[in-house]
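Participant: After the structure tokens below, expect a handful of questions from me.
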Amino acid sequence: MKEIIIIGPIPPPIHGESVALKQIIESKNFKSKYKLKVINTNRAVIHQVGKFSFRKILQDVIIIIKTFLNLINRKKHALYVSISQTKLGLFRDLILIQLGNQFASKTIIHLHGNNLGNILDSLSPFQMKFVKKVLGKVTTGIVLGEKLKSNYRGLVRNVQIVANGVDLNFISDKDIDEAKSLKTNSKINIVYLSNLMKEKGYIELVKAVTELIDEGYSINLTLAGAIHDEKDYFVMKKFIEKHGFDNSIRYIGIVTNLKKKKLLLDSDLMILPSNYAVEGQPISIIEGMAAGLPIISTQRGCIEDLINSNGILLEEGSSTLIKESIVSIINDPEKMNLYSQASRQHYLTNFSDKKYIDNIIKAIEEK
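Here the sequence shown stands for residues 1 to 367, where the numbers follow full-length UniProt numbering.
Following this line, the structure appears as structure tokens:
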């Protein structure tokens, strides 16, 4: 069996990149083809990403030593690196990639976001000389969508597109039908499923929803995800409580597995009004599509690949545009139903975990 070293962040904590890596290492199809050695690069908490610490340096040194020892022990079919999008992480990964270029048959790098180009642009000419030398020998680079190819700045010769995917067993058609049959009230349940970062637009969403409630719309909003900035969150929380919206807007923390499944099945509409400059391709939107939810999101990263006839794509995540989009959907039940069906079909056709893993294997095996 071919041996492959997988290097990248594994949950916890939970974020798009770590979830995508977990899918690979737990895939029966992938494990039937490769003998895996997994080296975890995840940090303890999300808000420490990009910040210097001696603990991180020590962790990175250990990762480099582990990789070196695994590569020189036996010739590996491939080294797969989920490449970092911070400067410190990038230079660690460049050392790992260089080891792969020297000791593995193939070196595959996978970009799970949209910030690598910005990091490369910030490097000095001397640093870029090293980057060009290393990335120029990479076998294949992977990105989430066409719009993200430029992150490699032309330094990787072969770039393949592999979109994220969600487990086909996560939510079935039967689950969706049963959830609809159990719905007993006319309230519209909106879900926001992402880290609570101001740049992701959750504050603008709360503002839009509170205005609609004041205008008489029957709406519930559930926010789920890790709190990124506690100060922003508590300002929002006090606003909700002060104006009496706490019965309609709730925060339930991080959700996984069955709790996440129930949240999605109990929802009618998903909104991720991201203004995040380095947005990639949110797995949470694909999970919403799997549940047959109409989607409202923004033209960030390659989100536009996820939304065609299944929702509304905004130019920006402003409360005004969010509000207008919500109204246009919930006031038109036929449109809402069409968006729902299109969302489910778009997921099944293009964003299942099977397609994701098949495309990863194809990228690894490409000559």
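Quick reminder that beta carbons are idealized off the backbone N, C-alpha and C, glycines included.
Is it true that the segment 276-291 meets the segment 230-238, where meeting means three or more beta-carbon pairs spaced less than 8 Å apart?
Facilitator: Not touching, per the Cβ criterion.
Participant: With DSSP as the reference, identify every bridge partner of Gln345, one or two as the case may be.
Facilitator: DSSP, once it has assigned bridges, lists no residue as partnering Gln345.
Participant: Given this structure, state the Cα-to-Cα distance separating His47 from His228, to the nearest angstrom.
Facilitator: Residue confidence is low: His47 scores 46 on pLDDT, short of 50, so the model does not pin down where it sits. Its coordinate-derived value is still stated next. So the two alpha carbons sit approximately 7 Å from each other.
Participant: Which partner residues of Asn220 appear in the DSSP bridge assignment?
Facilitator: DSSP output for Asn220 lists Asn189 as bridge partner(s).
Participant: I need the boundaries of the alpha helix (DSSP H) containing Met270, first residue and last residue.
Facilitator: From DSSP, Met270 is part of no alpha helix (DSSP H) but of the beta strand (DSSP E) over 269-272.
Participant: Taking the C-alpha atoms as reference points, what is the distance between Leu272 and Leu96?
Facilitator: Looking at the two C-alpha atoms, the distance is approximately 35 Å.
Participant: Out of curiosity, what's the CA-to-CA distance linking Ile64 and Ile119?
Facilitator: Ile64 and Ile119: Cα-Cα distance of roughly 21 Å.
Participant: Grab the span of the beta strand (DSSP E) containing Val278 for me, first residue to last.
Facilitator: First-last for Val278: undefined, no H or E at that position.
Participant: Determine the DSSP secondary structure at Leu23, reduced to helix, strand or coil.
Facilitator: Correcting the residue type first, residue 23 is Gln in the shown sequence and not Leu. Here Gln23 sits in helix by DSSP.
Participant: Please list the terminal residues of the continuous alpha helix (DSSP H) segment that includes Ile360.
Facilitator: Taken as a continuous stretch (DSSP letters only), the alpha helix (DSSP H) holding Ile360 covers 353-365.
Participant: DSSP state of Gly317, grouped into three classes?
Facilitator: Here Gly317 sits in coil by DSSP.
Participant: Could you tell me the distance, in whole angstroms, from the CA atom of Asn185 to the CA atom of Gln98?
Facilitator: Roughly 59 Å between the two C-alpha positions.
Participant: Identify which residue in Ile357, Ile295, Gln127 has its Cα closest to the Cα of His346.
Facilitator: Nearest C-alpha to His346: Ile295.
Participant: For residue 388, which residues in the same chain have their Cβ closer than 8 Å to its Cβ, ignoring the five residues on either side in sequence?
Facilitator: Since the first residue shown for the chain is 1 and the last is 367, residue 388 is missing from the structure and cannot be characterised.
Participant: Could you give the distance in angstroms between the alpha-carbon of Pro125 and the alpha-carbon of Cys302?
Facilitator: When rounded, the distance between both Cα atoms is 30 Å.
Participant: Going by C-alpha distance, which of Lys207, Ile6, Asn158 is nearest Leu71?
Facilitator: Of Lys207, Ile6, Asn158, the residue nearest in Cα terms is Ile6.
Participant: As a quick exercise: from Gly253, Thr349, Glu17, pick the residue whose alpha carbon is nearest that of Pro282.
Facilitator: Out of Gly253, Thr349, Glu17, Glu17 has the C-alpha closest to the C-alpha of Pro282.
Participant: Taking all protein chains shown into account, decide if His110 is buried (16 or more other Cβ within 10 angstroms of its Cβ) or exposed.
Facilitator: Burial call: buried.
Participant: Which residue marks the beginning of the alpha helix (DSSP H) containing Arg55, and which one marks its end?
Facilitator: 54-73 is the extent of the alpha helix (DSSP H) around Arg55.
Participant: Give me the Cα-Cα distance between Ile329 and Glu26, rounded to the nearest whole angstrom.
Facilitator: C-alpha separation (whole angstroms): 38 Å.
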